[in-house]
Structures are given as C-alpha cells and as structure tokens.
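Here the structure is laid out as structure tokens; the discussion comes afterwards.
Numbering (my numbering), first residue to last: 7 to 306.
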C-alpha cells in the first residue's frame, strides 16, 4: 500500500492503527513534528508516546482516540519503507489538508452531550402569605385584634397609645410650678443668692419636735446671725498638695513589714534604709539586720 494512502486511511480510521505502524509513524513525526494527527496515531500505536501526544492535542481528543474500538482489517497491512517522501511532499500535504481533523472533536462533543444527564431544576413553591384580617366586631370584644383596632382608633391623631389623657395632663401641669419659679431657684442656688425671708416664717415650716432637738438652738443662731455661707478668701485657701504629701514616705514609722513590702516592690534602696534605721532602733538585732542588708545587696 502506498504511504500516502496508508496515512490517509489511518487518519480516517484510527482504530486500524497497530503496533506494527510505529516505525512508519515515527518517521512521519520526525518529518512533520507539529502534525497533531500523527502524534495521536503514534500514541494509539504505543502507550509510551501518550505523554508527548498530550502536549500536541487536547485531552478529550486524545482520550477519544485511545479508547476507540479497534477495526479488524480484511487484509493484513504490509509495512513499506518510506522512500521518496521529499518528492511527494506536496501531494502528502494536500491529502492531509482535505481530511477534516476536527471530526473527532465534533464526535466527542455529541457523545459528551448525550452522556450528560439532564438536571431538573426544582423551583420551590412560593410560601403562602397568611394575612391577618382586620377584626372590628364589638359583639365579641376582649381579643387582641379588637384591642389593637380600638387603641389605634382612639389615638390615631397623636399616635401615642400609651399617653395619658388630657385631664391627667392638666392636673399635672397645675401641680408643677411655673418655669419662672424653677429659673429663680436655679439662679439662687448657683450664685448663693437667697431672697430675704423672715426667720420666724422659716422656722414655722419645721414641726415642733425638730425645734426642741439638741441642735435646734445652733440652727436658729446660725440663721439669725449669718444665714448665708460665704466662700473663704484667697489668702485663707490652703494650696498644699495633699496627694503628694500622702505619697511621701514617713521614715519615722519604720518596721520590718515595711522593708519586706519595699523588697516585693523591688525598691531595694528603701528597704536597705529601713533596715539601717531598724538596726539603730534595735541594737540587739543589728547582726540580723546586717545579714538582711547583705542579702538585698546581692540582688543588685
């Protein structure tokens, strides 16, 4: 069989490829290294060429060619030596060009479409909206909807269902003092200004048992002599920093407990000073305090 005819026959029916075609296909691949059909046929003929064929073709096409059913030939194919390929190069290219190389891809696409099961999309039913009907029947009162409808009707103008009635508001307003009185009291308390009043009238507000108490005379004397509290003068104000004074150490009150606290706070110099004062205060324990001072000095 002619080489050109053999190649066209193998490309048209890749199932006829046998292992005996490997030398022929190798020579064709060496001559035309970028021909995709040659690599596919060579991979079908021998499995060792499958990785290389995967580089020159798509995976689905290669899979289809490798799994194609082998076709039995009526007559055994004879191996022929490739001679004079250079002279017949143009005829070979024309014959290869006339073959539809994408026929394999079309077949694979149709098979893939047939094999894929159709997935039915189930659309969930829309939930039924339960609408609450308006209940407005005075014949069957004391239900929630009845109360809600009645409340809305009564307070639909102000939209304040829990507001008090106007009569209650008027009575509360009468009980409340005027805003002017509040303002006056506010100013008096801020600036320590008090309106003049009679002491007798002021004392009359208190019950009799309060007047007879032990401090009633002192209160009356204070109200008669100086009813207002005057702020101290600037020169009388003590500007001493009480916080700083409280934070300072009082070395006149020393004890062994204070020295231990200084050690826990890692204030070793204060602990040493405390032990020195204790050794002077208690000479009989000077040796004990000296040992403690040496142990503290080792921590530096």
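Even for Gly, the Cβ is constructed at its ideal location relative to N, Cα and C.
Treat the numbers as computed from the prediction; the structure is a model and nothing was measured.
In this structure, the CA atom of residue 288 is about 14 Å from the CA atom of residue 259. The DSSP-derived three-state label of residue 74 is coil.
Considered as a whole, the segment 256-288 harbours 262-270 and 274-287 as its complete alpha helix (DSSP H) runs of no fewer than 4 residues, in chain order. Approximately 7 Å separates the beta-carbon atoms of residue 296 and residue 285; this is inside 8 Å, confirming the contact.
As the crow flies, the alpha-carbon of residue 263 is around 44 Å from that of residue 239.
Assignment of residue 237 by DSSP, reduced to helix, strand and coil, places it in the coil class. Counting the other CB atoms within 10 Å of its CB gives residue 129 a total below 16, which places it among the exposed residues. Judged by DSSP in its simplified three-state form, residue 62 adopts helix. Scanning its chain for C-beta atoms nearer than 6 Å, with the 5 sequence neighbours on each side dropped, one finds around residue 45 the residues 59 and 62, in chain order. Counted as a single uninterrupted DSSP element, the alpha helix (DSSP H) harbouring residue 293 occupies residues 292-303. For residue 265, the CB contacts under 6 Å within the same chain, skipping 5 residues up- and downstream, are 277, 280 and 281 in chain order. Here residue 237 is exposed, its C-beta having fewer than 16 other C-beta atoms within 10 Å. Nearest to residue 76 by C-alpha distance, out of 43, 41 and 25, is 25.
Distance from the Cα of residue 29 is smallest, within the candidate group 40, 21 and 49, for 49.
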